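From first to last, the protein sequence lines are chains G and R. Following the working numbering from start to finish, the first sequence increments by one per residue and tops out at 324. Following the working numbering from start to finish, the second sequence increments by one per residue and tops out at 365. Note that CB positions come from ideal geometry on N, CA and C, so glycine has one too. Model, not experiment: these values are computed from the prediction. Okay, so here's the structure we're looking at.
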Amino acid sequence: MIDLLTRALMMSTPLLFGSISEVFAERSGMMVIAIEGIFLLGAWGGFVGTYLSGSLLIGVLAAIMAGVVTAAIYGWITVYLKQNQVVTGTAINILAMGVVSFLHRVIFGVPITPLTVQPLQALPIPIISKIPIIGPVIFNQNILTYMMYLIVPISYFILFKTSIGLTIRSAGENPEAVDVAGINVNRIRYSMVLIAGVMGGIAGAFYSIGYLGMFTTNIIGGRGWIAFAICFLGNWNPKGAFIGALVFGLAEAIAIYMQSSGGVLFPNELFIALPYILTIVLTITRKSFNVPAKLGVPYIKES
Amino acid sequence: MTRGVLMNAKFRDLLVTNFLAIVLGLGASALMLLLLDKNPIEAFGILFSSVIRDKYTFADIFVKATPLIFSALAFAFTFKANLYNIGVQGQFYIGALIAAASSLILQGRMPGVLALVIVFVLTILGGGIWGSLIGFVKAKYKANEFLVSMMSTFVALGIMNYLLRTVLMETKHEYPQTNALDTTVWLPTFIQGTRLHIGFILAVVVAISVWILLYKTPLGYRIRVVGYNSDAARMSGINSKRLYVVAFFISGALAAMAGFTEVNGVQHMLLQGFNPDIGAAGLGIAILANANPIGIIFAAILFGALNVGGTIMGQMSGIPSSIIELMQGFVMVFVILSYFVRSELETRRAKRRLFKAVEE
Chain G
22 MIDLLTRALM
32 MSTPLLFGSI
42 SEVFAERSGM
52 MVIAIEGIFL
62 LGAWGGFVGT
72 YLSGSLLIGV
82 LAAIMAGVVT
92 AAIYGWITVY
102 LKQNQVVTGT
112 AINILAMGVV
122 SFLHRVIFGV
132 PITPLTVQPL
142 QALPIPIISK
152 IPIIGPVIFN
162 QNILTYMMYL
172 IVPISYFILF
182 KTSIGLTIRS
192 AGENPEAVDV
202 AGINVNRIRY
212 SMVLIAGVMG
222 GIAGAFYSIG
232 YLGMFTTNII
242 GGRGWIAFAI
252 CFLGNWNPKG
262 AFIGALVFGL
272 AEAIAIYMQS
282 SGGVLFPNEL
292 FIALPYILTI
302 VLTITRKSFN
312 VPAKLGVPYI
322 KES
Chain R
6 MTRGVLMNAK
16 FRDLLVTNFL
26 AIVLGLGASA
36 LMLLLLDKNP
46 IEAFGILFSS
56 VIRDKYTFAD
66 IFVKATPLIF
76 SALAFAFTFK
86 ANLYNIGVQG
96 QFYIGALIAA
106 ASSLILQGRM
116 PGVLALVIVF
126 VLTILGGGIW
136 GSLIGFVKAK
146 YKANEFLVSM
156 MSTFVALGIM
166 NYLLRTVLME
176 TKHEYPQTNA
186 LDTTVWLPTF
196 IQGTRLHIGF
206 ILAVVVAISV
216 WILLYKTPLG
226 YRIRVVGYNS
236 DAARMSGINS
246 KRLYVVAFFI
256 SGALAAMAGF
266 TEVNGVQHML
276 LQGFNPDIGA
286 AGLGIAILAN
296 ANPIGIIFAA
306 ILFGALNVGG
316 TIMGQMSGIP
326 SSIIELMQGF
336 VMVFVILSYF
346 VRSELETRRA
356 KRRLFKAVEE
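Following this line, the structure appears as C-alpha cells:
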C-alpha cells in the first residue's frame, strides 16, 4: 500500500510538470499541442546527456535544452507565423519521433544490450521520512518530486497574485487590452511556450532518467497527451492540475501494480487504458469549464 | 475574367509552394544523412530509382497510399466542419478488428464476393458508430472532441490487444494475431505480379465521392458552413449538434475503411499494433492537400512513395527506417510554412489590387 502511494506520487510528477506548463501557456492563449514531442525530446536529451557525461545534472540540462528547442520551433510557427496549433503540433510530434529515432541510431548504432544509466535516486529527508505512512510516501522521493511540491503553490501565486500572472491571463482573455497597455502579446505567448519547453523537457527526462534509467522511442506513449488533458480537466488552474496529476499518477501506479502482480480479475489492457478512459469520462462529465476566451486563436494586430 | 486570373494565381502559388516544401523537406532529411556518413545524393538516388525499378515496387506505392487516402479523408472531413478528429488511428484499428473478425466468421459460408460486401458494410458501420460516439458526446455534453477522440485511440488499442490474445488469437496460441484469412475473402489484385488490390480503386472512388458530398450536396454545404462560422450556421437554422454526430460517423467510417483494405487487401490477417502511424500520416497528408479530397489522393501517393523508397533505401544502404518518419515530418513542417508564405503572397496581391484601384 505504501509502495503503491509512493509510486503514485512519483508517477504524477512528470504529469504535473507537463500540465502546469500547459496551464501557463493556455492561459496566455496557446495550446502546446507539441507537448508529446517535447516530452519525447526531453526524455531522449536527458538520457543522452546523462549517458555521455555520466552526470544526471547535465542530463537534466540537456533535456531542458532539447525541450526548449522543440518548443521554440513550435512557438515560432504558431505565435509568429500564426499557423494552426493542432496541425503544427501534430507535425512537430511526428518530426520529433523521426528525429529522435534517427539521432539515437546515429549516436548509439544498434547496441546488442539495452543501454542503461543509473537513474535518479530517492533522497529520504532525515527524521520526517521516518513518520509512519506519510514519511516514506511523501519524503522519500527523488529531487524532481520534491520540486513538484513547490511548483504548485509558486505557480498558483504567480498566476493569480502577481501582475505578471494578470498579464499572462489577459493575453488569453483579451489580448487587445494587453496590446493597448503597450505589452507585446506575442512575446508573452512565445515565452509561455518556451517555459512549456523547459518544464516539458524536465517531465520527459523523468521518464528516461527519473526512474527507468533507459530510453526507448515509445517511452512517452501518450503521457504528453495525458498532461495536456489534465490541464483541461484541472480547469486551467495549478490546483486543479495538481489534483489531476495525483489521480492519473495513482491510475498509472495501479496499472503497473496490477501488471506486475498478474491480477486475473480484469484484463491487463483495461488497466493500461485506465488513464485514457478516465480522461474521456471526466471530459464528458465536467460541466463548468472556463476555457480561456482566445485559446488557440492567433493574435493578429489591427493595423 | 479577373476572378479566373486570381484563381489561377492562387492555384499556381499552391503548386509552387507545395513543391518547394516537399523539396526542402526532403533536403533537410538528406542533410541528416550526413550525420550517418552517408552520401545523401547517392541515398536519394536509390530512393528515386528504386521505386521505379520494377512493376512490383512501383505498384507498392499505391498499396501504401491506399490506407493513407482513407485516413487523410477521415481527418479532412471533420476538419471541414472545424472539428478535430485526432482519433483516426483508433477508428482504423476498430475497422481492422471488425474486418478481420467478420471475415473469419463469414469465410467459407458464402461466396467470397458476398462475404466481402458484408464485411465492408460491417466495417463502415462499426467505425462509423465508434466515431459518432465522439460526435455524440460533443453534441450532448459539450465534451471537447479533440481530447475525447485522442484518448479513444488508446482505448481502441486496448480492445484490439485484448481480443488478439483471447478470442481472436490464432489457433496455435503463440502470437498475438489472428488466423490467416481464406483467399476467398482477399481483395483481388488487379495487376498481375503485384500486391496492388482493388482497395486502391475503392479509395479513389471514395475520395471523389467525399468531394462530391462536401461540395455538391446540401449536407456538405451545411458541414462547411458550420466550419466557416458556427454562429452564422446556427442563425440560418442548421442543427449543428446533429451535424457533429453525422460528420464523426462519416469520418470514423472512412478511417475504418482503411482497416478493411489493410486486413483484406494486404495483411490477410490482423497483427498486433500494425501500421501505428496511419492516423498521424493521414493528418499530414490532409494538411499537404489543404484538406481537398482530390488533392489527398496525390499527397497520399507521395507519402506512399516515400514509404516504399525509404524502406528500400534502408535495406540497400543501412539507413535506419526512421528516415521515413524524418522525411514525412520535415515535409509536413515545410508544408505548414508554405501556408504562411501563401497567405503573405495573397495579402501582397490584395494590397497591389487596392493600390491599382485607388490609382484608377
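Test item: CB-CB of residue i and residue j under 8 Å
| i | j | result |
| --- | --- | --- |
| Gly-242 of chain R | Ala-86 of chain R | no |
| Phe-160 of chain G | Ile-328 of chain R | no |
| Ser-49 of chain G | Gly-193 of chain G | yes |
| Ile-241 of chain G | Gly-255 of chain G | no |
| Thr-199 of chain R | Lys-60 of chain R | yes |
| Thr-22 of chain R | Val-336 of chain R | no |
| Ile-91 of chain R | Met-165 of chain R | no |
| Leu-379 of chain R | Ala-305 of chain R | Here chain R has residues from 6 to 365 only, and residue 379 of chain R is not among them. |
| Ile-51 of chain R | Met-332 of chain R | no |
| Ile-325 of chain G | Gly-245 of chain G | Only positions 22 to 324 of chain G appear in the structure, and residue 325 of chain G is not among them; the question remains open. |
| Leu-116 of chain G | Gly-88 of chain G | no |
| Gly-309 of chain R | Gly-132 of chain R | no |
| Ser-157 of chain R | Ile-129 of chain R | no |
| Ala-148 of chain R | Val-250 of chain R | no |
| Ala-260 of chain R | Val-124 of chain R | no |
Buried or exposed (CB count within 10 angstroms, at least 16 for buried), residue i
| i | result |
| --- | --- |
| Pro-259 of chain G | buried |
| Gln-366 of chain R | Because chain R here runs from 6 to 365, residue 366 of chain R falls outside it and cannot be looked at. |
| Val-363 of chain R | exposed |
| Asp-2 of chain R | The structure shown has nothing for residue 2 of chain R, since chain R only spans 6 to 365. |
| Gln-142 of chain G | exposed |
| Asn-297 of chain R | buried |
| Tyr-89 of chain R | buried |
| Thr-91 of chain G | buried |
| Ile-247 of chain G | buried |
| Ala-47 of chain G | Checking the displayed sequence, the identity of residue 47 of chain G turns out to be Glu instead of Ala. Buried, because 16 or more other Cβ atoms sit within 10 Å of the Cβ of Glu-47 of chain G. |
| Ile-213 of chain R | exposed |
| Gly-130 of chain G | exposed |
| Gln-106 of chain G | buried |
| Phe-24 of chain R | exposed |
| Ala-314 of chain G | exposed |
| Gly-323 of chain R | exposed |
| Gly-75 of chain G | exposed |
| Ser-184 of chain G | exposed |
Three-state secondary structure assigned by DSSP to residue i
| i | result |
| --- | --- |
| Thr-166 of chain G | helix |
| Gln-106 of chain G | helix |
| Leu-141 of chain G | coil |
| His-4 of chain R | A query on residue 4 of chain R cannot be resolved here, the shown segment of chain R reaching from 6 to 365 and no further. |
| Met-279 of chain G | helix |
| Leu-192 of chain R | coil |
| Met-118 of chain G | helix |
| Asn-295 of chain R | coil |
| Gln-112 of chain R | strand |
| Leu-130 of chain R | helix |
| Gln-197 of chain R | coil |
| Pro-313 of chain G | coil |
| Met-6 of chain R | Confidence in Met-6 of chain R is poor, its pLDDT being 44 and thus under 50, which makes the residue's placement too unreliable to answer from. |
| Asn-87 of chain R | coil |
| Asn-23 of chain R | helix |
| Asn-184 of chain R | coil |
| Asn-166 of chain R | helix |
| Asn-289 of chain G | helix |
| Asn-269 of chain R | helix |
| Asn-161 of chain G | strand |
| Lys-322 of chain G | coil |
| Leu-171 of chain G | helix |
| Ala-362 of chain R | helix |
Uninterrupted alpha helix (DSSP H) stretches inside the stretch 179-266 of chain G (no shorter than 4 residues):
184-194, 196-201, 206-226, 244-254
With contact counted as at least three CB pairs below 8 Å, one residue from each stretch, are the stretch 188-207 of chain G and the stretch 22-33 of chain G in contact?
no
Would you list, in sequence order, the uninterrupted alpha helix (DSSP H) runs of no fewer than 4 residues that lie entirely inside the stretch 208-253 of chain R?
223-233, 235-240
Answer yes if the stretch 52-69 of chain G comes into contact with the stretch 210-222 of chain G, meaning at least three C-beta pairs across the two stretches below 8 Å, and no otherwise.
yes
Stretch pair the stretch 256-268 of chain R + the stretch 100-107 of chain R: three plus CB contacts closer than 8 Å
yes
List, from N- to C-terminal side, the alpha helix (DSSP H) runs of 4 residues or more that fit wholly inside the stretch 275-354 of chain R.
283-293, 298-322
Does the stretch 273-282 of chain R come close enough to the stretch 173-189 of chain R to have 3 or more Cβ pairs within less than 8 Å?
yes
Could I get the ranges of all uninterrupted beta strand (DSSP E) runs contained in the stretch 48-106 of chain G, with 3 residues as the minimum, in chain order?
If we require 3 residues or more, the stretch 48-106 of chain G turns out to have no beta strand (DSSP E) run fully inside it.
Counting only runs of 3+ residues fully inside the stretch 25-103 of chain R, write out the beta strand (DSSP E) ranges in chain order.
none
Are three or more beta carbon pairs between the stretch 143-159 of chain G and the stretch 343-361 of chain R nearer than 8 Å?
no
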